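A.B. asks:
Residue numbers (our numbering): 14 to 326.
#1: Return the residue from the list 250, 82, 307 that minimises the CA-CA distance to residue 197.
#2: How far does the alpha helix (DSSP H) with residue 192 in it reach, from first residue to last?
#3: I'd like the span of the alpha helix (DSSP H) that includes residue 84, first residue to last.
#4: Around the C-beta of residue 249, are 16 or more other C-beta atoms found within 10 angstroms, so that it is buried, or is it exposed?
#5: How would you label residue 183, buried or exposed, when you count the other beta carbons within 10 angstroms and need 16 or more for buried?
#6: Is the beta carbon of residue 89 sitting closer than 8 Å to the one on residue 191?
#7: Under 8 Å between the Cβ atoms of residue 251 and residue 195?
#8: With a threshold of 8 Å, are at least 3 pairs of Cβ atoms found where one atom belongs to the segment 261-270 and the other to the segment 240-248?
#9: From residue 199 to residue 169, what does the alpha carbon distance come to, in whole angstroms?
#10: In terms of alpha-carbon separation, which member of 290, 80, 222 lies closest to residue 149?
#11: Quick one: residues in its chain with C-beta nearer than 7 Å to the C-beta of residue 133, no 5 flanking neighbours on either side, listed in chain order?
#12: Would you tell me roughly how many angstroms separate the C-alpha atoms of residue 301 and residue 219, rounded to the nearest one?
#13: Quick check: the Cα distance between residue 306 and residue 128, rounded to an integer number of angstroms?
#14: Do the segment 275-283 and the segment 230-244 touch if we need at least three Cβ pairs shorter than 8 Å?
#15: Identify, in the order they occur along the chain, each residue of the same chain with its Cβ nearer than 7 Å to the Cβ of residue 292, setting aside the five sequence neighbours on each side.
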């Protein structure tokens, strides 16, 4: 009896060790995948604040929460199952699907860029009024659609980092990545958009240095939000162009990618100690140019066909 109990305890201990090792593997895989997707995560965080620009302060956090929930739903209910299924059955289909998303990102970025140019030239008026309450659903839908493409890119990059793992491990890793990235991105966005309220509270209730810091925050945040809105547009163009650049290379049309890679190497050698930064900027600039070109074509085609959708932001 005691020998049987000892054997059972040994089995339980072995199972516990295996479970602990699996948890460690999942954590390591999620960490590796998240780091690899860091660039797109930053882009995701930069895109979102422009959707809450102009809202009444009490509606900012509810809208961010709605977008965050939609983002998590996108990742867990749609993107993750499809990617796992494709990775098992049709791994070659992921690249074309991702490129379709890249074209959509280019279109979104080019559309916003065109609207900004038109507004500055006086052909369109930029409304200074806050968004009406009935517009909140439209804003959230537009943000969630854009987030879907960035989320898909994040999840594909993450999946590519753990393709050697068993299917169940891949699934757990992507679930961890989905939760970590969603909470990280939208937590940061919430903090950014509420900083002016924090500054106002400090300015009104603080004294001395605290009050001065609060007034500085209040003055700085409109500038920060404007910069983030611009970065968000640039991010869509850059990420969309980069998806297409890499996608064409994977499909066998390597000319554009090879040219950009060659330019990166030349810049890297020419700039010496800061060559890595220069090479990255070269790749980013080339991707953005591709994004602007493809996005401009998409916007022009939709305008000519009368399919231009109203602005979502």
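Quick reminder that beta carbons are idealized off the backbone N, C-alpha and C, glycines included. Please read all numbers here as calculations on a predicted model, not as lab measurements.
C.D. replies: A quick look at the data gives this:
#1: 82
#2: Counting along the chain, the alpha helix (DSSP H) containing residue 192 begins and ends at 180-206.
#3: 70-86
#4: buried
#5: buried
#6: yes
#7: no
#8: no
#9: 20 Å
#10: 80
#11: Once the five neighbours on either side are set aside, residue 133 has no close Cβ partner at all.
#12: Whole-angstrom Cα-Cα distance: 44 Å.
#13: 16 Å
#14: no
#15: 277, 280, 281
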